[in-house]
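Scroll down for the structure; my scribbles are underneath it.
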Ligand code: MN
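In our numbering, the protein residues as written are 31 to 416.
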């Protein structure tokens with residue numbers, strides 16, 4: 031099989047920096063979505079794709095066979111880097127990588143960047159998100175629709191660099207001429223619904239298809255960095271007529287149980303980017319004490335697990351936590367209209383405590399009782415997301 035590929039990456043409309051990275055080469059392709067404060071996310075995602083590039087650059091390597099170990103090695107390298115360099119402590123990255131090996135593609139992945147196969151106009155998700163909400167869907171405790179508005183939908187259960195060792199999911203997919211493989215970071219899939227992906231990715235020119243996907247994610251608010259890699263399978267040995275459809279391996283992948291996971295990484299929700307930038311500016315200009323005084327004079331309404339609370343402080347963390355719960359409101363996330371939960375998760379700033387109470391009383395739209403979703407189950411993982 032020969033392939034052609036194209037890629038696009040964009041900071042989006044809400045973030046200050048682009049912490050995504052990608053690689054495309056002769057036999058290997060990858061998308062990585064870094065997480066961690068300051069520039070740490072960028073460091074982690076760059077390290078991950080550089081490991082993939084190095085493997086592709088080795089002419090003697092069996093890239094498909096070597097891919098999982100290369101990713102485990104990259105995990106160790108990112109983890110060790112974060113231990114050495116305090117400025118990158120807590121960094122991590124997703125990594126979704128494809129090796130094209132004859133007429134088979136090997137997918138290897140960690141995190142919630144995704145790989146889709148588009149074949150004969152049908153799109154199939156080949157990867158499985160390593161997120162808390164994906165785990166809860168598998169356990170049957172929430173529905174996919176509830177997952178989309180769940181306050182903890184950004185919590186990863188697996189990431190590269192977060193622990194000394196990482197499990198890498200792999201999947202081999204027999205390729206057909208005409209197949210299109212799409213790798214993307216969650217900046218695409220959090221903005222564009224899956225039903226729209228194959229239509230948007232349908233342009234025969236992969237460069238144009240990448241551009242359309244990124245433009246659409248930005249048109250829908252661009253809440254996060256957006257990265258897309260498209261790999262088109264052009265020709266090669268005819269695939270067996272009854273080659274296993276891609277659904278089967280994906281289903282098999284889904285059947286595998288999640289290991290007990292201690293890891294909980296929470297990405298900063300997009301709208302916090304502005305608050306972060308502000309916090310950084312202040313810390314440069316003033317002392318920690320100044321920052322404390324400022325945060326003590328700030329109020330916001332936010333989400334505490336599943337409950338709505340009034341916080342004193344800023345809806346962000348800067349080295350130390352800059353907020354604490356002042357009072358509970360008696361409301362839970364389920365009481366709030368689903369479309370508004372996103373905003374609430376980012377925190378709604380108030381001028382004063384009484385302003386915050388007024389916001390709770392007057393400005394938070396309530397869920398319509400008829401279509402109220404069942405109570406959000408408490409995640410089975412221990413610890414608090416904050
Ligand atoms: Mn992302």
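Just so you know, even glycine gets a beta-carbon here, dropped at the ideal spot from N, CA and C.
As the structure is a prediction and not an experimental result, all values here were calculated from the model.
- For residue 215, the distance from the CB to the nearest heavy atom of ligand 1 is below 7 Å.
- Burial is judged here by how many other beta carbons sit within 10 angstroms of a residue's own beta carbon; residue 188 has at least 16 and is buried.
- Within the same chain, and ignoring the five residues on either side of residue 191 in sequence, the residues whose Cβ sits closer than 7 Å to its Cβ are 74, 105, 108, 109, 112, 121, 122 and 123.
- Residue 167 carries a helical assignment under DSSP once its states are collapsed to helix, strand and coil.
- For residue 256, the closest of 137, 61, 177 and 57 by C-alpha to C-alpha distance is 61.
- Across the structure, residue 208 and residue 51 are spaced so that their CA atoms are roughly 26 Å apart.
- Residue 38 is positioned such that its CB atom lies no closer than 8 Å to that of residue 94.
- Residue 127 sits buried, since 16 or more C-beta atoms from the chains shown fall within 10 Å of its C-beta.
- Contiguous alpha helix (DSSP H) elements confined to the stretch 352-408 occur at 368-376 and 383-388, taking only those with 4 or more residues.
- Taken in chain order, the complete alpha helix (DSSP H) segments of 4 or more residues contained in the stretch 182-246 are 216-219 and 224-230.
- Inclusion of residue 44 and residue 377 in the CB contact set at 8 Å is not warranted, their separation being larger than that value.
- Only residues of its own chain outside the window of five on either side were considered, and among them 236, 237, 240 and 260 have a CB closer than 6 Å to the CB of residue 36, listed in chain order.
- Excluding the 5 residues flanking it on each side, residue 345 has same chain C-beta neighbours closer than 8 Å at 302, 305, 330, 332, 353, 376, 377 and 379, in chain order.
- In the DSSP annotation of this structure, the continuous segment of the alpha helix (DSSP H) that includes residue 79 starts and ends at 70-86.
- The Cβ atoms of residue 163 and residue 139 lie no closer than 8 Å to each other.
- Judged by pairs of C-beta atoms under 8 Å, the stretch 148-160 does not touch the stretch 336-344, as fewer than three such pairs exist.
- Cβ contact annotation for residue 214 (same chain, cutoff 7 Å, sequence separation greater than five): 61, 143, 144, 257 and 258, in chain order.
- Sequence-distant partners of residue 205 (beyond 5 residues in either direction) whose C-beta falls short of 8 Å from its own C-beta, in its chain, are 31, 130, 133, 134, 135, 263, 266 and 269.
- When the alpha-carbon of residue 103 is set against those of 90, 216, 116 and 84, the nearest one is in 84.
- Around residue 366, the same chain offers 338, 374, 394, 395, 396 and 397 as residues with beta carbons nearer than 8 Å, after the five sequence neighbours per side are excluded.
- Counting along the chain, residue 128 sits inside the beta strand (DSSP E) bounded by residues 125-131.
- Residue 246 and residue 362 have their C-alpha atoms spaced approximately 32 Å apart.
- Relative to ligand 1, residue 115 has its C-beta separated by 7 Å or more from all heavy atoms.
- In chain order, 112 place their CB closer than 7 Å to the CB of residue 119, counting only its own chain and leaving out the 5 sequence neighbours on each side.
- Counting along the chain, the unbroken beta strand (DSSP E) around residue 149 starts and ends at 144-149.
- With a threshold of 7 Å, the Cβ atom of residue 48 does not count as near ligand 1, since no heavy atom of the ligand is closer than that.
- Between the alpha carbons of residue 176 and residue 334 lies a distance of about 18 Å.
- By the 16-neighbour rule on beta-carbons within 10 angstroms, residue 68 is exposed.
- Listed in chain order, the non-local C-beta contacts of residue 382 below 7 Å within the same chain comprise 329, local neighbours out to five positions each way being set aside.
- Between ligand 1 and residue 88, a heavy atom-to-CB distance of less than 7 Å is absent.
- Annotated three-state conformation of residue 156 is coil, per DSSP.
- Fully enclosed beta strand (DSSP E) runs of no fewer than 3 residues occupy 329-334 of the stretch 315-339, in order along the chain.
- One thing to note: residue 79 has its Cβ within 8 Å of the Cβ of residue 53.
- Taken from the Cβ of residue 248, every heavy atom of ligand 1 lies 7 Å or farther away.
- Nearest neighbour of residue 232 by Cα position, chosen from 223, 210, 220 and 218, turns out to be 210.
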